[in-house]
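Trainee:
Residue numbers (the numbering used here): 5 to 716.
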């Protein structure tokens, strides 16, 4: 190292992990409970030449630390860590490998696959028991020191009951959008366009949920096939925005922050899909990039009787050790950073069950979950769990604690089954009410159920009604990847067709599923592109398709534009009728004090469903009384009373509109009338009117003129 920096080297402090700039130098602090020494390696401006190597002088409470003078923002660096290389004991220290700082805010350069990235000799018969002396510095990104300028954000703070989530991919959304300058397409900057964000907000969306934007690695498995990890579930930099999505890669943090501000100005919250269950280092045969070389035993869950091997509850080779105090601190620090310094409004946790799995299994009061609930920052943002993983007891839908929302795949599966004719009224009924059988406990509210029909993983909505089988040949795995359980139906032809009757059915089924989603209790989540009938050509696992298969095609045609208008109408109705988005769970119980029955299930004959009626009908109704109690205060509500009619049968069914005393029924929506728009509301019917419900269609009606003089 240079003499000036050696002379000015100070002990620094262990409190703020990572590299912290303070106008005259940088404090470095690195956690490792088992290392012997940590060196900071400095690089020239293009990252090709190592200029200095400085050993951190102090070790306090498992943290190596030191302050180096005269370093400025923009300086490139990495770590080399000394310690035992004893795979059978779980230790994999190797100072020949340049390591990424887990707390780095930005990276310069790309990972380039090379044998030197591995801590062992690839051609050794002993595999990972061997030791590699090759220097990996030329092949790994370099961390960038940034200026920690204080940030302020004006968060929309949308109530959960008003929230409509839009799951989208930062790159894929604009990559083929001709309205965006070509050089910006696929970037944070492109998505920051106010007109584009306004179009999302005008669709009735209140929150965008980005697929992973934390810095991730393209696996060697995909790189060798000429493919790329498009979804991004292979994180390595948990504080750094992915630089490939930036118009200027070294300014990714600034560009992402500008995107968040633009979203807020448009009235949109920003939710990040985050991956704290595993890292990009894989199993014992994976590369040494960061955590493995810093302290393998502390950061990963290892097999108790064979610490050479990793517990793999994620299906990706390793599992982050969320039972280790420093890992919990690391994840909490990362989450707080994205809220305070990057402005995000919430998180969706990939394979969230791992966050709550202790040594003896899942606990809904696990340490990490308790940390989030008491944290002064994290307790005030939206927290959404994907409540499953591949580990033992991995399926935990409905079992997360109060304060959390959860993806509800039961809603997805049941809605798909009902509209393709494989489920009856009894299966769909609880899903329409935010699945109280799973979520109505511990004071949780309806919004805890994040309802969706499609997501990034699986068929798009149009593909759900166009394909019986997955068509994943482009993934290079002989079409065997992805789930074979799609709960889809092609209506007679696999894929695109010119048959007008089949196409009419497909578009109506799209309207049916979108209507079920947006008119049900709970928090709806739309998949970007479903609002205009986007297709992935039958690929239900497009994780590696950074191509036109995944990018949104904005040449949507007449039918696509019509569906867009229909979705805007649906979200408008959801806003207009608060009874469709109650926080409290509705019940069938008669409230004697208020003389109100909150909801009534109806047969096609207009009568209240009896126990013997359940499970047989594919055409039924749900009437929700707007006078039902809105909160814990025993007081009548003043919302409109609405009637939903679902006909999953392929043929038309005469439905008798129910008697309620006074009033008439105004038609608000009929999925068989996609062009009607607001004109449909001119249709008003008397009680006991026989309305012919088209096969495979859905109705929404409002009870009007209920009180004397209302329609005078």
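Ideal Cβ positions, reconstructed from N, Cα and C, are used throughout, including at glycine.
Taking 8 Å as the cut-off, is the CB of residue 81 close to at least one heavy atom of the ligand ZN?
Mentor: This structure does not include the ligand ZN; it has no bound ligands of any sort.
Trainee: Is it buried or exposed for residue 707, if we count other Cβ within 10 angstroms and need 16 for buried?
Mentor: For the purposes of this step, residue 707 is taken as the residue at position 703 of the chain shown. Buried is the call here.
Trainee: For residue 99, count the other beta carbons within 10 Å of its own beta carbon; 16 or more makes it buried, fewer makes it exposed. Which is it?
Mentor: Residue mapping note: residue 99 aligns to position 95 of the chain shown, counting from 1. With 16 or more Cβ atoms within 10 Å of its Cβ, residue 99 is classed as buried.
Trainee: Once DSSP output is grouped into helix, strand and coil, what is the label at residue 479?
Mentor: Counting from 1 along the chain shown, the entry for residue 479 is found at position 475. Three-state result, residue 479: helix.
Trainee: What's the call for residue 400, buried or exposed, on a 16-neighbour Cβ count within 10 Å?
Mentor: Translated into positions along the chain shown, residue 400 becomes position 396. Looking at its Cβ environment, which holds 16 or more other Cβ atoms inside 10 Å, residue 400 is buried.
Trainee: Pick out whichever of 192, 322, 292 has its Cα sitting closest to the Cα of residue 1.
Mentor: Outside the shown range of the chain (5 to 716) lies residue 1, about which nothing can therefore be said.
Trainee: Quick check: the Cα distance between residue 150 and residue 367, rounded to an integer number of angstroms?
Mentor: Locating residue 150 in the chain shown gives position 146, counting from the first residue. Locating residue 367 in the chain shown gives position 363, counting from the first residue. One C-alpha to the other measures close to 38 Å.
Trainee: In angstroms, rounded to a whole number, what distance separates the CA positions of residue 254 and residue 496?
Mentor: Stepping through the chain shown from its first residue, residue 254 is reached at position 250. Stepping through the chain shown from its first residue, residue 496 is reached at position 492. Whole-angstrom Cα-Cα distance: 51 Å.
Trainee: In or out: residue 123 buried (at least 16 other Cβ within 10 Å) or exposed?
Mentor: Translated into positions along the chain shown, residue 123 becomes position 119. The residue in question, residue 123, is buried, as its Cβ has 16 or more Cβ neighbours within 10 Å.
Trainee: Whole angstroms is fine: what's the gap from residue 16's alpha carbon to residue 38's?
Mentor: Walking along the chain shown from the start, residue 16 turns up at place 12. Walking along the chain shown from the start, residue 38 turns up at place 34. Cα-Cα distance, rounded: 20 Å.
Trainee: Jot down the residue ranges of each uninterrupted beta strand (DSSP E) in the stretch 627-694, minimum 3 residues, whole runs only, in chain order.
Mentor: Counting whole runs of 3 or more residues, the stretch 627-694 contains the beta strand (DSSP E) stretches 646-651, 657-660, 668-674.
Trainee: Can you give me the C-alpha to C-alpha distance between residue 383 and residue 377, rounded to a whole angstrom?
Mentor: As a first step, residue 383 must be located in the chain shown, where it is residue number 379. As a first step, residue 377 must be located in the chain shown, where it is residue number 373. Approximately 5 Å, taken between the alpha carbons.
Trainee: Report back the beta-carbon spacing between residue 415 and residue 456 to the nearest angstrom; my notes put them in contact at under 8 Å.
Mentor: By one-based count along the chain shown, residue 415 stands at place 411. By one-based count along the chain shown, residue 456 stands at place 452. About 7 Å; that satisfies the 8 Å criterion.
Trainee: Residue 700 and residue 513: beta carbons closer than 9 Å?
Mentor: Numbered from 1 along the chain shown, position 696 holds the residue referred to as residue 700. Numbered from 1 along the chain shown, position 509 holds the residue referred to as residue 513. Contact: yes.
Trainee: Give the range of the beta strand (DSSP E) segment to which residue 29 is assigned.
Mentor: Position 25 of the chain shown holds residue 29. 29-35 is the extent of the beta strand (DSSP E) around residue 29.
Trainee: Since residue 22 and residue 74 should fall inside the 8 Å C-beta cutoff, what is the C-beta to C-beta distance between them, to a whole number of angstroms?
Mentor: Against the chain shown, residue 22 aligns to sequence position 18. Against the chain shown, residue 74 aligns to sequence position 70. 19 Å between Cβ atoms; not a contact.
Trainee: Using the C-alpha atoms, what's the distance from residue 120 back to residue 5?
Mentor: Along the chain shown, one-based indexing puts residue 5 at 1. Along the chain shown, one-based indexing puts residue 120 at 116. Because the pLDDT at residue 5 is just 46, under 50, the model does not fix this residue reliably, and the point stays unresolved.
Trainee: Would you kindly check if the distance between the Cβ of residue 211 and the Cβ of residue 148 is under 9 Å?
Mentor: Working through the chain shown from its first residue, we reach residue 148 at position 144. Working through the chain shown from its first residue, we reach residue 211 at position 207. Taking 9 Å as the Cβ cut-off, residue 148 and residue 211 do not qualify as a contacting pair.
Trainee: Counting C-beta neighbours from all protein chains within 10 Å, is the total for residue 156 16 or more, i.e. buried, or is it exposed?
Mentor: Position 152 of the chain shown, counted from the first residue, corresponds to residue 156. Per the 10 Å Cβ criterion, exposed.
Trainee: So residue 568 is in the alpha helix (DSSP H); what residue range does that whole segment cover?
Mentor: In the chain shown, residue 568 corresponds to position 564, counting from 1. Unbroken alpha helix (DSSP H) run through residue 568: 561-580.
Trainee: Give the DSSP-derived three-state secondary structure of residue 19 in the structure shown.
Mentor: Residue mapping note: residue 19 aligns to position 15 of the chain shown, counting from 1. Residue 19: coil per DSSP, three-state reduction.
Trainee: Would you mind stating whether residue 556 and residue 181 have Cβ atoms separated by less than 9 Å?
Mentor: For the purposes of this step, residue 556 is taken as residue 552 along the chain shown, with counting starting at 1. For the purposes of this step, residue 181 is taken as residue 177 along the chain shown, with counting starting at 1. The answer is yes: Cβ separation under 9 Å.
Trainee: Residue 245: buried (16+ other C-beta within 10 angstroms of its C-beta) or exposed?
Mentor: One-based indexing of the chain shown puts residue 245 at position 241. Classification for residue 245: buried.
Trainee: Taking DSSP as the reference, what is the three-state secondary structure of residue 25?
Mentor: Indexing the chain shown from 1 puts residue 25 at position 21. Note: residue 25 maps to strand in three-state DSSP.
Trainee: Could you check the C-alpha separation between residue 534 and residue 349 for me, to the nearest Å?
Mentor: Residue 534 sits at position 530 when you count from the first residue of the chain shown. Residue 349 sits at position 345 when you count from the first residue of the chain shown. About 24 Å.
Trainee: Could you have a look at residue 112 and say whether DSSP puts it in helix, strand or coil?
Mentor: Numbered from its first residue, the chain shown carries residue 112 at position 108. In the structure shown, residue 112 sits in a strand (DSSP, three-state: E or B).
Trainee: Beta strand (DSSP E) containing residue 277: first to last residue?
Mentor: Here residue 277 refers to the residue found at position 273 of the chain shown. Start and end: 273-278.
Trainee: Between 476, 330, 216, which lies nearest to residue 553 when the distance is taken from Cα to Cα?
Mentor: Taking the first residue of the chain shown as position 1, residue 553 is located at position 549. The shortest Cα separation from residue 553 among 476, 330, 216 belongs to 476.
Trainee: Who does residue 412 pair with in a DSSP beta bridge?
Mentor: Position 408 of the chain shown, counted from the start, is the residue given in the question as residue 412. Its beta-bridge partners are 455.
Trainee: Going by alpha carbons, who is nearest to residue 252 out of 429, 189, 526?
Mentor: One-based indexing of the chain shown puts residue 252 at position 248. Here the closest residue by C-alpha is 189.
Trainee: Could you tell me which of 370, 56, 435 sits nearest to residue 526, measuring between CA atoms?
Mentor: As a working note, residue 526 is residue 522 in the chain shown. Ranking the options by Cα distance to residue 526, first place goes to 435.
Trainee: Going by DSSP, what residue range makes up the alpha helix (DSSP H) through residue 202?
Mentor: Residue 202 sits at position 198 when you count from the first residue of the chain shown. 198-206 is the extent of the alpha helix (DSSP H) around residue 202.
Trainee: Using the Cα positions of residue 397 and residue 365, report the straight-line distance between them to the nearest angstrom.
Mentor: Taking the chain shown and counting its residues from 1, one reaches residue 397 at position 393. Taking the chain shown and counting its residues from 1, one reaches residue 365 at position 361. Cα to Cα, the separation comes out at about 7 Å.
Trainee: In angstroms with no decimal places, state the Cα-to-Cα distance between residue 465 and residue 420.
Mentor: For this step, residue 465 is matched to residue 461 along the chain shown. For this step, residue 420 is matched to residue 416 along the chain shown. Distance between the alpha carbons of residue 465 and residue 420 is about 10 Å.
Trainee: Would you give the residue range spanned by the beta strand (DSSP E) that residue 42 belongs to?
Mentor: Reading the chain shown from its first residue, position 38 is the one you call residue 42. Note, residue 42: beta strand (DSSP E), 41-47.
Trainee: Strictly by DSSP, which residues pair up with residue 239?
Mentor: Working through the chain shown from its first residue, we reach residue 239 at position 235. 220.
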